[in-house]
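Below: the structure, in structure tokens.
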Amino acid sequence: MSSQKSLLERLVSSSVTIANAAGEIICDVMKKGDLGIVQKEHLKDLQTEADREAQLCIVSSLNKYFPNITIIGEEDETVGSTGGKIVDISRDTPVNITVPDNYCNINEKEVVVWVDPLDGTSEYTQGLLDHVTVLIGIAVNGKAIAGVIHQPYFNYKNPGNKLGRTIWGVVGGVVGGMEIKSPPVDRYIVATTRSHASSTVNEAISSVSPDEVLRVGGSGHKVMLLLEGLAHSYVFASPGTKKWDTCAPQAILEAAGGSLTDICGEILPYAASAPHRNSKGVLATAAGQDHLALAAKIPQQVKDNLIP
Ligand code: AMP
Ligand code: MG
Ligand code: MG
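The opening residue of the sequence shown carries number 1 in UniProt numbering; numbering runs sequentially from there.
Pasting the structure below:
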């Protein structure tokens with residue numbers, strides 16, 4: 001076996017460090033107190049200084065170390081930027097990454113990285129800090145194959161414990177940074193949006209007969225609930241999320257044995273040319289759940305409503 005690290009191993013490992021640095025920026029902006037909020041497409045679609053600065057740092061750093069990859073970030077005015085603070089990728093202890101043989105010879109030109117520098121911005125502005133994540137998703141041949149989720153405020157309600165943690169995973173490899181847990185067997189728990197609900201979103205949830213519905217912010221946070229065994233599924237029958245919201249969570253969830261698709265159970269494409277919007281919603285399930293059986297429970301009229 002060669003001791004030389006593969007591109008994917010270096011990219012995931014660097015993304016862990018870069019996501020940690022982005023998390024520090026997010027915490028610093030919050031500490032300063034002036035969030036610099038601007039409205040994007042609509043009232044509930046916000047951007048803060050933390051979103052802008054974290055993206056600038058992530059994109060500039062990835063560009064510096066991996067100049068030939070394609071990077072698509074949520075805060076699009078900074079795409080391709082080299083003006084941000086460059087993270088020293090040797091600053092953190094390297095993490096263990098398992099890369100399956102079929103991903104050992106990827107070259108930079110094949111890679112598309114989807115970046116959500118701060119997922120859960122509404123919740124960040126409202127002080128629901130455990131809903132906030134930094135998402136770096138890696139796609140090759142249109143498929144989400146690896147991802148990093150950083151939770152800058154993990155443990156913030158447990159002072160004395162280490163603040164923040166980072167999870168990484170490669171599809172066909174393993175998940176690092178956390179212990180994967182199974183959801184309870186005696187009740188069915190669904191996670192969904194707290195700020196983008198609609199009658200269609202609620203109809204889809206009712207159709208899967210949950211015992212409990214967790215209305216929380218962020219795609220990253222909802223997939224974390226599946227990995228932690230706190231929910232069985234993430235059901236969102238609405239076109240609001242984008243590829244940067246789902247790429248990293250999908251790759252890590254799949255590495256853990258779960259699934260993430262559109263609400264019909266069809267795969268999401270992650271090539272650079274793919275539409276940014278997940279127009280047919282999101283359906284994700286924890287490991288051991290029957291994903292397609294859940295997709296089949298979503299009423300046809302809900303699915304028809306989402307046809308672009
Ligand atoms: P939520 O589950 O509502 O927290 O949304 C998960 C991710 O999708 C967040 O990044 C949201 O900003 C984004 N999102 C969901 N619905 C919409 C929408 N209607 N407009 C803009 N962004 C949305
Ligand atoms: Mg987001
Ligand atoms: Mg965001």
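Virtual Cβ for every residue (Gly too), placed ideally from N, Cα, C.
Just so you know, these numbers come straight off a predicted model, no measurement behind them.
Listed in chain order, the non-local C-beta contacts of residue 131 below 7 Å within the same chain comprise 120, 123, 216, 217, 218 and 221, local neighbours out to five positions each way being set aside. Residue environment for residue 267: exposed (fewer than 16 other C-beta atoms within 10 angstroms of its C-beta). By the Cβ criterion, the region 237 to 244 is not in contact with the region 149 to 165, since fewer than three pairs of Cβ atoms, one from each stretch, lie closer than 8 Å.
Take the alpha-carbon of residue 276 and the one of residue 140: they are about 16 Å apart.
Between residue 200 and residue 305 a beta carbon distance of about 5 Å is seen, short of the 8 Å cut, so the two are scored as contacting. Just measuring C-alpha positions, the residue of 27, 146 and 108 sitting nearest residue 65 is 108. Collapsing the DSSP output to three states places residue 31 in a helix. Secondary-structure assignment with DSSP links residue 297 through no beta bridge to anything. Taking a 10 Å sphere around the C-beta of residue 104, we find fewer than 16 other C-beta atoms and assign the residue as exposed. Short of 8 Å from the beta carbon of residue 83, and not among the five residues preceding or following it, lie these beta carbons of its own chain, in chain order: 56 and 60. Of all C-beta pairs linking the region 88 to 104 to the region 173 to 181, three or more are shorter than 8 Å, placing the two stretches in contact.
In this structure, the alpha-carbon of residue 102 lies about 25 Å from that of residue 166.
One Cα belongs to residue 126, the other to residue 191, and the distance between them is close to 19 Å. Using a 10 angstroms sphere on the CB of residue 23, the tally of other CB atoms reaches 16 or more, which defines it as buried.
Here residue 48 carries a coil assignment [DSSP, helix/strand/coil].
Relative to ligand 2, residue 123 has its C-beta separated by 7 Å or more from all heavy atoms. Between ligand 3 and residue 269, a heavy atom-to-CB distance of less than 7 Å is absent.
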